[in-house]
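K.L.:
So that we are looking at the same thing, I have put the structure below in structure tokens.
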Amino acid sequence: MDPAQVKAWEARCTEEQPPACRAACPLRVDVRAMAEKMKAGDFVGAYAVYATVVPFPAILSHVCDHPCEAACRRAEAGGALRIRALEQACVEEAYGTARRVIQKARKPKRIAVVGAGLAGLTSAFDLAMKGHAVTVIEADAHALETLRHAYDETILPASAIEVEIGGLAKLGVTVNCRARVTAGDGPLGLDTLVAGNDAVLLALGARPASAFAEALRLNDSGRIAVDPETRTTSRPGVFATGLHERLGTAWSPLRSITDGRRAAASIDRFLQGASLTAGRDEETGTCLYVNVTAHAPQPPVAAAQPGGAYTHAEAMAEAARCFPCRCLECVNACAYLARYGAYPKRYVREIYNNDSIVMGNRKANRMIDSCTLCGLCAELCPNDLAMGEVCLEARRSMVRRGKMPPSHHDFALRDMAFARSDEVTLARHQPGHDASAVAFFPGCALAGSSPDHVARLYAHLCGRLSGGVGLVLDCCGAPSHWSGRETLHAEVRTGLVATWERLGRPTLITACASCLRHMDDLHPDIEVRSLWPLLAEVGWPEGARAAIAGPLAIHDPCAARHDAASQDAVRKLAAGLGATVHELGGAARTTCCGFGGLVTFANPEVADAIVDRRIGESDDDYLVWCAMCRDSFARRGKRAAHLLDLAFPAADGGDPAERPDPGFSGRRDNRRRLKVRLARDLWGDDVSEPADPSRERRLIIDPAVRADMERKLILVEDVDRVVLHAETTGQKLKDPRTGRSIASARLGSLTCWVEYEVGPVGVVVHRAYGHRMTVESSS
Amino acid sequence: MTPDAATVDLVCAACDRPLEIGRVVASYMGQTFPVDLPRCPVCGFVYVSEELASGKMLKVEQALEDK
Numbered sequence: 001m002d003p004a005q006v007k008a009w010e011a012r013c014t015e016e017q018p019p020a021c022r023a024a025c026p027l028r029v030d031v032r033a034m035a036e037k038m039k040a041g042d043f044v045g046a047y048a049v050y051a052t053v054v055p056f057p058a059i060l061s062h063v064c065d066h067p068c069e070a071a072c073r074r075a076e077a078g079g080a081l082r083i084r085a086l087e088q089a090c091v092e093e094a095y096g097t098a099r100r101v102i103q104k105a106r107k108p109k110r111i112a113v114v115g116a117g118l119a120g121l122t123s124a125f126d127l128a129m130k131g132h133a134v135t136v137i138e139a140d141a142h143a144l145e146t147l148r149h150a151y152d153e154t155i156l157p158a159s160a161i162e163v164e165i166g167g168l169a170k171l172g173v174t175v176n177c178r179a180r181v182t183a184g185d186g187p188l189g190l191d192t193l194v195a196g197n198d199a200v201l202l203a204l205g206a207r208p209a210s211a212f213a214e215a216l217r218l219n220d221s222g223r224i225a226v227d228p229e230t231r232t233t234s235r236p237g238v239f240a241t242g243l244h245e246r247l248g249t250a251w252s253p254l255r256s257i258t259d260g261r262r263a264a265a266s267i268d269r270f271l272q273g274a275s276l277t278a279g280r281d282e283e284t285g286t287c288l289y290v291n292v293t294a295h296a297p298q299p300p301v302a303a304a305q306p307g308g309a310y311t312h313a314e315a316m317a318e319a320a321r322c323f324p325c326r327c328l329e330c331v332n333a334c335a336y337l338a339r340y341g342a343y344p345k346r347y348v349r350e351i352y353n354n355d356s357i358v359m360g361n362r363k364a365n366r367m368i369d370s371c372t373l374c375g376l377c378a379e380l381c382p383n384d385l386a387m388g389e390v391c392l393e394a395r396r397s398m399v400r401r402g403k404m405p406p407s408h409h410d411f412a413l414r415d416m417a418f419a420r421s422d423e424v425t426l427a428r429h430q431p432g433h434d435a436s437a438v439a440f441f442p443g444c445a446l447a448g449s450s451p452d453h454v455a456r457l458y459a460h461l462c463g464r465l466s467g468g469v470g471l472v473l474d475c476c477g478a479p480s481h482w483s484g485r486e487t488l489h490a491e492v493r494t495g496l497v498a499t500w501e502r503l504g505r506p507t508l509i510t511a512c513a514s515c516l517r518h519m520d521d522l523h524p525d526i527e528v529r530s531l532w533p534l535l536a537e538v539g540w541p542e543g544a545r546a547a548i549a550g551p552l553a554i555h556d557p558c559a560a561r562h563d564a565a566s567q568d569a570v571r572k573l574a575a576g577l578g579a580t581v582h583e584l585g586g587a588a589r590t591t592c593c594g595f596g597g598l599v600t601f602a603n604p605e606v607a608d609a610i611v612d613r614r615i616g617e618s619d620d621d622y623l624v625w626c627a628m629c630r631d632s633f634a635r636r637g638k639r640a641a642h643l644l645d646l647a648f649p650a651a652d653g654g655d656p657a658e659r660p661d662p663g664f665s666g667r668r669d670n671r672r673r674l675k676v677r678l679a680r681d682l683w684g685d686d687v688s689e690p691a692d693p694s695r696e697r698r699l700i701i702d703p704a705v706r707a708d709m710e711r712k713l714i715l716v717e718d719v720d721r722v723v724l725h726a727e728t729t730g731q732k733l734k735d736p737r738t739g740r741s742i743a744s745a746r747l748g749s750l751t752c753w754v755e756y757e758v759g760p761v762g763v764v765v766h767r768a769y770g771h772r773m774t775v776e777s778s779s
Numbered sequence: 780m781t782p783d784a785a786t787v788d789l790v791c792a793a794c795d796r797p798l799e800i801g802r803v804v805a806s807y808m809g810q811t812f813p814v815d816l817p818r819c820p821v822c823g824f825v826y827v828s829e830e831l832a833s834g835k836m837l838k839v840e841q842a843l844e845d846k
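Chains as they are written, first to last, in the working numbering: chain X, 1 to 779; chain B, 780 to 846.
In structure tokens, the structure reads:
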């Protein structure tokens, strides 16, 4: 896989972008995570999140200028989350519960911080947490002197300040007050500090520093000149906080803390000999997509207490107003994407890693083969990321490198080979014609699901269209495309073009949305049309009426997601039959039935989850216009009728929505029978009915055993071959307790075992199973 | 991969001999492993139970496919 392409795919997924609140916070407080914990009542957990990045929670939770609230997306749905009040409630309840672990510096250094304001103490805190020895020197009588006078006791209690200064002492930070540092080499001279420490930080606050004029370069305002990015001064090893450059900018505790943190990060880099500029996270903003309209407006929770402080219950209720901001548009809509517990950006990375493994297990193989390639994710993604595109490219890469697990697509490809075999294919002009203006290409799904509809529809088209209506029973090659077999797919396409040439280049009319997509670009001169708009033009047979009462929920095939002409035609055709139809969220957002992308074969559990989820969307019978969708719904017990079931009801008057899923064996039989029926009835060929092992009374298979065989992808004809082999050669086992025979035969890449009993009316099949591994006696 | 106890009661119909546990070779994806499975002592017909096929054997097959 192309790494540049992989990066481009990853970049389209915004799920890892920070929520707006976090992006707006200079300290990057993970408000989303805090709110999730607080709404569950876990204030201790929320505090741990807060205290991870906030050096003085007791102080900041009272006086933070909360830029997060202005960015909060909840503002668009009832009012921004009251984040500062939440933080205050959290700190009030859980202060001190988070254990702070000081890192062990490999080579502890000594740092002198001049100035015990918020910036200086934040630096001291951060550097102490890194395991360094920090001494703070303050000219005033107390640390945080400015802060003590800036707020009323009701807003910032002195106790909050004291508890944080006490916490700093516990980290081993020494604060020496009433000590004024000057330039020069006196006891408190800058030269002395530089000589006695590995680094010095001047956190002097917003004031001129003429005392240091000879020691450091000052700016035009007489303040220490500081590099705004790295907080370095003109003297190596001496750093300064940056407020000196920002006269005119309103002072804020949050900005001071951020300032001190940046200086500490520079000092730590300096002490390690690392670059002061490389890889510093200065990015602000976010492009996380949030579907705000999906959330009903809710006003903020009003605090009962004067002053606006929340009680525990109020804080929980307010935290519950956090959406939380996530994209997950595709994950929420797709059972496959939800299955693996992450989101596309991570999946793309896992898929790329899987592709790049030289030695070891490729753990994402099944995940790659479990995408239906239906395109719903791209439809929902704000950046049009199609996981199907990623998975298909990964499959092609796996096939190219011989790393595609054989079991994933083996059955499907054998089934495609059968659908392309002489046993079931046909390409002929309309009886009595020697040319075809158009050729009907029903697709192998319709032929396998309801051969009678193919025959009756073909007769109808022949009656309504002029110029000769040819018939092509064949496979469009979708399985080879879905399985990433490029060579095989090219071969299928070449064969289809040859067939089209042989029929005199007719316009192909297909009933299958997947065929339409796969044959659309077969050849520059091939025109492929959807059956449904054509049928809407020529009309139903006279007197056709919907053979079903009651409302129908329409499910469009995923391959026709963007085929508006067919979607409209199908709805008109249903209305023309008198059917009452309602939407299932619209065609553009339709889901796969689980068959797409061959997921039924590679991961039946995911395929079932996908179809079951769709089934759960309405209790009404489903109206479909893809034979495979209909069979998938029927297999999972959902009443579903094909549009053709309505127009061409079964002769026996059976309930069209109750037609059972023929299963893989049944579909093969139907295709065989269809070819014989048409060849004999329409073209007068002398052909006999194909043998059906289960109907010759040779094999008697209980429905439960048959369903089990379907699940294991074992065909009736496979069982027949095993029994025939055993009974012909005598190679079988006997179970003396039950009298049953047990036999096996290698069929392609599968060893098939059958447990059976030869009875008076036929062979009773008790079970069948298979394995791919071969076992042979070593002696 | 070990056989379950019930399988040893099976009899090879062609040789009319009860199966016995013996060393056989299992192969998949170019890998081979010696395993003990019930087999006919005369013709060497090896029995694989469904429990084995859908259990441990399937796990090994899948592990080899993902290598």
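Note that CB positions come from ideal geometry on N, CA and C, so glycine has one too. Because the structure is a prediction, the values reported are computed rather than measured.
Across which residues does DSSP place residue 790 of chain B in a beta bridge pair?
P.N.:
Your numbering for residue 790 of chain B matches position 11 in the second sequence. Partner(s): X/734 and B/797.
K.L.:
Where DSSP assigns a beta bridge to residue 752 of chain X, which residues make up the other side?
P.N.:
Against the first sequence, residue 752 of chain X aligns to sequence position 752. DSSP, once it has assigned bridges, lists X/745 and X/770 as partnering residue 752 of chain X.
K.L.:
Indicate whether at least one CB of chain B lies closer than 8 Å to the CB of residue 356 of chain X.
P.N.:
For the purposes of this step, residue 356 of chain X is identified with residue 356 of the first sequence, where counting begins at 1. Not closer than 8 Å to any Cβ of chain B, the Cβ of residue 356 of chain X fails to qualify, so no.
K.L.:
Among residues of its own chain, excluding the 5 on either side of residue 371 of chain X, which ones have a beta-carbon nearer than 6 Å to its beta-carbon?
P.N.:
Mapped onto the first sequence, residue 371 of chain X falls at position 371. Around residue 371 of chain X: 336, 387, 388, 391 and 597.
K.L.:
Taking just the CA atoms, how far does residue 27 of chain X sit from residue 232 of chain X?
P.N.:
Numbered from 1 along the first sequence, position 232 holds the residue referred to as residue 232 of chain X. Numbered from 1 along the first sequence, position 27 holds the residue referred to as residue 27 of chain X. Spanning the two alpha carbons is a distance of roughly 21 Å.
K.L.:
Label residue 104 of chain X either buried or exposed according to how many other C-beta atoms from any shown protein chain fall within 10 Å of its C-beta, with 16 as the threshold for buried.
P.N.:
Here residue 104 of chain X is taken as the residue at index 104 of the first sequence, counted from 1. Flag for residue 104 of chain X reads exposed.
K.L.:
For residue 770 of chain X, go through chain B and note every residue whose CB falls closer than 8 Å to its CB, in chain order.
P.N.:
Reading the first sequence from its first residue, position 770 is the one you call residue 770 of chain X. The contacting residues are 832.
K.L.:
Residue range of the alpha helix (DSSP H) that residue 781 of chain X falls in?
P.N.:
Outside the displayed range of chain X (1 to 779) lies residue 781 of chain X, so it cannot be described from this structure.
K.L.:
In three-state DSSP terms, what is residue 290 of chain X?
P.N.:
To locate residue 290 of chain X, count along the first sequence from 1; it is residue 290. In this structure, residue 290 of chain X counts as coil in the three-state DSSP scheme.
K.L.:
Are the region 431-440 of chain X and the region 620-638 of chain X touching, with three or more C-beta to C-beta distances below 8 Å?
P.N.:
The answer is no - the region 620-638 of chain X does not touch the region 431-440 of chain X, with fewer than three Cβ pairs under 8 Å.
K.L.:
Do residue 102 of chain X and residue 139 of chain X have their C-beta atoms within less than 8 Å of each other?
P.N.:
Along the first sequence, one-based indexing puts residue 102 of chain X at 102. Along the first sequence, one-based indexing puts residue 139 of chain X at 139. Contact: no.
K.L.:
Going by beta-carbon coordinates alone, are residue 601 of chain X and residue 411 of chain X separated by less than 8 Å?
P.N.:
Looking up residue 601 of chain X in the first sequence gives position 601. Looking up residue 411 of chain X in the first sequence gives position 411. Contact flag set, yes.
K.L.:
From the DSSP output, read off the bridge partner residues of residue 623 of chain X.
P.N.:
In the first sequence, residue 623 of chain X corresponds to position 623, counting from 1. Answer is X/554 and X/641.
K.L.:
Once the 5 residues before and after residue 502 of chain X are set aside, which same chain residues still bring their CB inside 8 Å of it?
P.N.:
Taking the first residue of the first sequence as position 1, residue 502 of chain X is located at position 502. Within the same chain, residue 502 of chain X has close Cβ partners 427.
K.L.:
How should residue 316 of chain X be labelled, buried or exposed, when 16 other C-beta atoms within 10 angstroms of its C-beta is the threshold for buried?
P.N.:
Within the first sequence, numbered from 1, the residue matching residue 316 of chain X stands at position 316. Under this definition residue 316 of chain X is a buried residue.
K.L.:
Between X/144, X/449 and X/123, which has its C-alpha nearest residue 134 of chain X's C-alpha?
P.N.:
By one-based count along the first sequence, residue 134 of chain X stands at place 134. Of X/144, X/449 and X/123, the residue nearest in Cα terms is X/123.
K.L.:
Using the three-state DSSP reduction, which class does residue 461 of chain X fall into: helix, strand or coil?
P.N.:
Within the first sequence, residue 461 of chain X is the residue found at index 461, counting from 1. Helix.
K.L.:
Quick one: list the residues of chain B neighbouring residue 332 of chain X, beta-carbon separation under 9 Å, in chain order.
P.N.:
Stepping through the first sequence from its first residue, residue 332 of chain X is reached at position 332. The contacting residues do not exist; residue 332 of chain X stays about 29 Å from chain B at best.
K.L.:
Note down, in chain order, each residue of its chain lying with its Cβ closer than 8 Å to the Cβ of residue 649 of chain X, except the 5 sequence neighbours on either side.
P.N.:
Here residue 649 of chain X refers to the residue found at position 649 of the first sequence. Cβ neighbours of residue 649 of chain X beyond the five flanking positions: 547 and 656.
K.L.:
Please report the straight-line C-alpha distance between residue 321 of chain X and residue 309 of chain X, rounded to a whole angstrom.
P.N.:
The sequence position of residue 321 of chain X within the first sequence is 321, counting from 1. The sequence position of residue 309 of chain X within the first sequence is 309, counting from 1. Between residue 321 of chain X and residue 309 of chain X, the C-alpha separation is close to 17 Å.
K.L.:
Restricting to Cα atoms, I'd like to know which of X/319, X/397 and X/373 is closest to residue 362 of chain X.
P.N.:
Here residue 362 of chain X is taken as the residue at index 362 of the first sequence, counted from 1. The shortest C-alpha separation from residue 362 of chain X is found at X/397.
K.L.:
Run through chain X and tell me which residues come within less than 9 Å of residue 796 of chain B, C-beta to C-beta.
P.N.:
What you label residue 796 of chain B is simply residue 17 of the second sequence in a count that begins at 1. Near residue 796 of chain B there are no residues of chain X at all, since even the closest Cβ is about 11 Å away, more than 9 Å.
K.L.:
Helix, strand or coil, according to DSSP, for residue 332 of chain X in the structure here?
P.N.:
Stepping through the first sequence from its first residue, residue 332 of chain X is reached at position 332. Helix at residue 332 of chain X.
K.L.:
So what does DSSP say about residue 202 of chain X, is it helix, strand or coil?
P.N.:
Working through the first sequence from its first residue, we reach residue 202 of chain X at position 202. Residue state, collapsed to three classes: strand.
K.L.:
CB residue 118 of chain X to CB residue 144 of chain X, shorter than 8 Å?
P.N.:
Indexing the first sequence from 1 puts residue 118 of chain X at position 118. Indexing the first sequence from 1 puts residue 144 of chain X at position 144. Cβ distance < 8 Å, so residue 118 of chain X and residue 144 of chain X count as in contact.
K.L.:
Indicate whether at least one CB of chain B lies closer than 8 Å to the CB of residue 245 of chain X.
P.N.:
Taking the first sequence and counting its residues from 1, one reaches residue 245 of chain X at position 245. Reliability of the predicted coordinates at residue 245 of chain X is poor, the pLDDT of 48 falling under 50, and the value obtained from them is presented with this limitation in mind. Not an interface residue.
K.L.:
Does the pairing of the region 571-584 of chain X with the region 348-362 of chain X give three or more beta-carbon distances under 8 Å?
P.N.:
With the cut-off at 8 Å, the region 571-584 of chain X and the region 348-362 of chain X do not touch.
K.L.:
Could you give the uninterrupted runs of the alpha helix (DSSP H) lying entirely in the region 24-84 of chain X, keeping only those of 4 residues or more?
P.N.:
Those alpha helix (DSSP H) runs which fall completely within the region 24-84 of chain X and span 4+ residues are 31-39, 43-53, 57-63 and 67-71.
K.L.:
Going by DSSP, name the residue or residues bridged to residue 649 of chain X.
P.N.:
Walking along the first sequence from the start, residue 649 of chain X turns up at place 649. None; residue 649 of chain X has no bridge partner.
K.L.:
Can you confirm whether residue 821 of chain B, when its beta carbon is compared against all beta carbons of chain X, has any partner nearer than 8 Å?
P.N.:
Here residue 821 of chain B refers to the residue found at position 42 when the second sequence is read from its first residue. By this cut-off, residue 821 of chain B is not an interface position.
K.L.:
Which residues in chain C sit within 7 Å of residue 15 of chain X, going by Cβ to Cβ distance?
P.N.:
You won't find chain C in this structure, because its protein chains are X and B.
K.L.:
Smallest Cα separation from residue 633 of chain X: which of X/607, X/647, X/651 and X/646?
P.N.:
Indexing the first sequence from 1 puts residue 633 of chain X at position 633. Looking at the Cα atoms, X/607 is the closest of the given residues.
K.L.:
Mind listing the chain X neighbours of residue 846 of chain B? Cutoff is C-beta to C-beta under 7 Å, in chain order.
P.N.:
Numbered from its first residue, the second sequence carries residue 846 of chain B at position 67. Under the 7 Å cutoff, chain X gives 361.
K.L.:
Quick one: what's residue 133 of chain X bridged to in DSSP?
P.N.:
Locating residue 133 of chain X in the first sequence gives position 133, counting from the first residue. The partner list for residue 133 of chain X (beta bridge, DSSP) reads X/110.
K.L.:
Between residue 12 of chain X and residue 383 of chain X, how many whole angstroms is the CB-CB distance? I'm expecting something under 8 Å.
P.N.:
Counted from its first residue, the first sequence places residue 12 of chain X at position 12. Counted from its first residue, the first sequence places residue 383 of chain X at position 383. Right, their Cβ atoms sit about 4 Å apart.
K.L.:
To which residues of the same chain is residue 528 of chain X closer than 7 Å at the C-beta, ignoring the five residues directly before and after it?
P.N.:
Indexing the first sequence from 1 puts residue 528 of chain X at position 528. Closer than 7 Å at the Cβ level, and outside the excluded window around residue 528 of chain X, lie 508, 510, 516, 519 and 520.
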